[in-house]
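Okay, so here's the structure we're looking at.
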Amino acid sequence: MARQTVEIDNDLWQRFLKKLVDVYGSAYGSKKKDALNEAIRLWLEAKELESNILTESRRAELIEIGKISPMILGLLGEEEEIIPVGRERKIIADALRARLS
Amino acid sequence: MHLYLDANILVDVALRRIDEKGNPLWVASTLLLDEIYKGGNRGSISVLSLYVVYVLVNPKDTRNGDIVAKEKLQGFRSFLTVVDLTDDVLEESLKEGRLMFEDAVQFITAKKIGAEAIVTRDLRHFSRMKDEVKIVTPEELVTR
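Those protein sequence lines, which keep their order, are chains A and B.
So the first sequence is numbered by my numbering: it starts at 124 and just counts up by one.
So the second sequence is numbered by my numbering: it starts at 976 and just counts up by one.
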């Protein structure tokens, strides 16, 4: 754990304390510490996700401006499909099961 | 560099795949395939992966889906080396207790051809094998 002193916007801080009381019934001690740690972690995750999206956007631009071979572009699906990582097998299993029924 | 591509890299492209958060997984995989197509790297796949792509592109088993899926398969095999799924590979895969069967087929195939890295989205599945072969995502490989 690190002890830091920083200036915080007063309105924001008051809203934070009010929400702490609403959620935990207290704005002190470990609840305050846990909430601040969670806030910082969420901010970091949001910024990292934003950074990943920017990187992917730059890559998508490369594709759009025609730097990709037409042959490879021809392999791309027409519309984006949502397939969470690790779910492929379940989708394959469902498709195969449907064929057999 | 000789890369062995897991089925999910082909799926990324063939289905223009995004994840549940909206991240376009297809972008890095498309760039990687383009690098391979242009000769920057060598790419190999298992014949099993082509079947996975076929089923996912044509999940409803329709005539039109069959035509579209076959076009994709023709495209992939035109510039990627397709490695046969032999009885030897099956036997070794069945004995490979650290991996689930399908991952074992991919891993054994990659080892058999001397691939320098397996490119996959499922790093977790292959985490026990990273001392034997490099395991990477397409994002790690394509130029940022």
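Yeah, the Cβ is synthetic: ideal placement off N, Cα and C, and Gly gets one too.
Predicted model, so just to flag it, every value in this text is computed and none were measured.
Item, Value
"Distance between B:Glu-995 and A:Glu-173 (C-alpha atoms, nearest Å)", "15 Å"
"Members of the segment 981-1002 of chain B that neighbour chain A once the beta carbon cut-off is set at 9 Å", "Ala-982, Asn-983, Leu-985, Val-986, Asp-987, Val-988, Ala-989, Leu-990, Arg-991, Arg-992, Ile-993, Asp-994, Glu-995, Lys-996, Gly-997, Asn-998, Pro-999, Leu-1000, Trp-1001, Val-1002"
"Short CB-CB distance (under 9 Å) between A:Gly-152 and chain D", "Protein chains in the displayed structure are A and B, and chain D is not among them."
"Proximity test, Cβ basis, 9 Å: A:Ser-224 and chain B", "no"
"A:Asp-217 at chain B interface by Cβ criterion, 9 Å", "yes"
"Neighbour list for A:Gly-197 in chain B, Cβ cutoff strictly below 7 Å", "Gly-1050"
"Closer than 9 Å to chain B by CB, A:Ala-221", "yes"
"Neighbour-count burial assignment, B:Gln-1081, 16 or more Cβ in a 10 Å radius", "buried"
"Distance between beta carbons of B:Lys-1109 and B:Ala-1085, contact taken as under 8 Å", "About 10 Å separates the two Cβ atoms, so there is no contact after all."
"B:Arg-1119 to B:Val-1064 span [Cα, whole Å]", "Note that B:Arg-1119 scores 48 on pLDDT, short of 50, meaning its location in the model is unreliable and no value can be drawn from it."
"Cβ shell of B:Pro-1113 (< 7 Å), same chain only, five flanking positions each side left out", "Ile-984, Ala-1003, Ser-1004, Leu-1007, Val-1094"
"Cross-strand partners of B:Arg-992 (DSSP beta bridge)", "A:Glu-204"
"8 Å CB neighbourhood of B:Asp-1097 in its chain, flanking five on each side removed", "Asp-981, Asn-983, Asp-1078"
"B:Phe-1101 burial status per 10 Å Cβ neighbour count (16 or more: buried)", "buried"
"Under 9 Å by beta carbon: chain A residues contacting B:Leu-1116", "Ordered by position in chain A, no residue passes the 9 Å Cβ test against B:Leu-1116, which lies about 12 Å from the chain."
"Within chain B, partners of A:Asp-202 - CB distance below 8 Å", "Looking at the sequence shown, residue 202 of chain A is not Asp but Glu. Ordered by position in chain B, the residues that pass the 8 Å Cβ test against A:Glu-202 are Arg-991."
"Pairwise C-alpha distance: B:Ser-1019 and A:Arg-138", "56 Å"
"Reduced DSSP secondary structure (H/G/I, E/B, other) of B:Val-1057", "strand"
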